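Residue numbers 1 to 98, in full-length UniProt numbering, belong to the letters of the sequence shown in order.
Cβ coordinates follow ideal geometry from the N, Cα and C atoms, glycine included.
Computed from a predicted structure; not experimentally measured.
Scroll down for the structure; my scribbles are underneath it.
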Amino acid sequence: MTDSPTKPWFVYLVRAANGALYCGISDDAQRRFAEHRRGRGARFFHSSPAVALVYVEPCASKGDALRREHAIKQLRKSAKEALVSAADPVLLNDPVIA
Numbered sequence: 001m002t003d004s005p006t007k008p009w010f011v012y013l014v015r016a017a018n019g020a021l022y023c024g025i026s027d028d029a030q031r032r033f034a035e036h037r038r039g040r041g042a043r044f045f046h047s048s049p050a051v052a053l054v055y056v057e058p059c060a061s062k063g064d065a066l067r068r069e070h071a072i073k074q075l076r077k078s079a080k081e082a083l084v085s086a087a088d089p090v091l092l093n094d095p096v097i098a
């Protein structure tokens with residue numbers, strides 16, 4: 001199965017109530033964040049609920065998103081916080097427009 005060239009994929013960071021950052025990918029970051037808030041999906045949020053979508057980065061394909069997710073997960077927390085500080089507020093509010 002191949003990715004459609006027009007289907008956007010996103011890497012996103014969600015902040016948990018305890019301050020931790022969770023990195024994931026989705027074709028709809030806002031929907032996925034809402035699922036995390038409802039307790040669906042990642043077990044990461046069982047101990048501390050999702051409170052904010054803090055970073056969204058568009059990717060050309062699902063494969064690119066997976067590679068970028070892996071790279072972000074390898075970063076130290078300080079580097080992840082730098083990404084959050086530089087986040088585009090437009091993408092945070094409506095990542096589908098990217």
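Measuring CB to CB, does Tyr-12 end up less than 8 Å from Leu-53?
-> yes
In its own chain, which residues sit with a C-beta less than 6 Å from the C-beta of Ile-97, not counting the 5 before and 5 after it?
-> Residue confidence for Ile-97 is low, a pLDDT of 48 falling below 50, so the modelled location carries little weight; the figure read from the coordinates is stated next. Cβ neighbours of Ile-97 beyond the five flanking positions: none.
Excluding five sequence neighbours on each side, which residues of the same chain lie with their C-beta closer than 8 Å to the C-beta of His-46?
-> Gly-39
Extent of the continuous alpha helix (DSSP H) run through Ala-29 | 29-37
Member of Leu-83, Trp-9, Ala-82 and Lys-77 whose CA lies at the smallest distance from the CA of Ala-20 = Lys-77
Report buried or exposed for Pro-8, applying the criterion of at least 16 other Cβ atoms within 10 angstroms of its Cβ.
-> buried
Burial state of Ser-26, where buried means 16 or more other Cβ atoms lie within 10 Å = buried
Leaving aside the five residues before and after Lys-80 along the sequence, list all residues of the same chain whose C-beta is less than 6 Å from its C-beta, in chain order.
-> Leu-21
Go ahead and pull the three-state DSSP assignment for Ala-16.
-> strand
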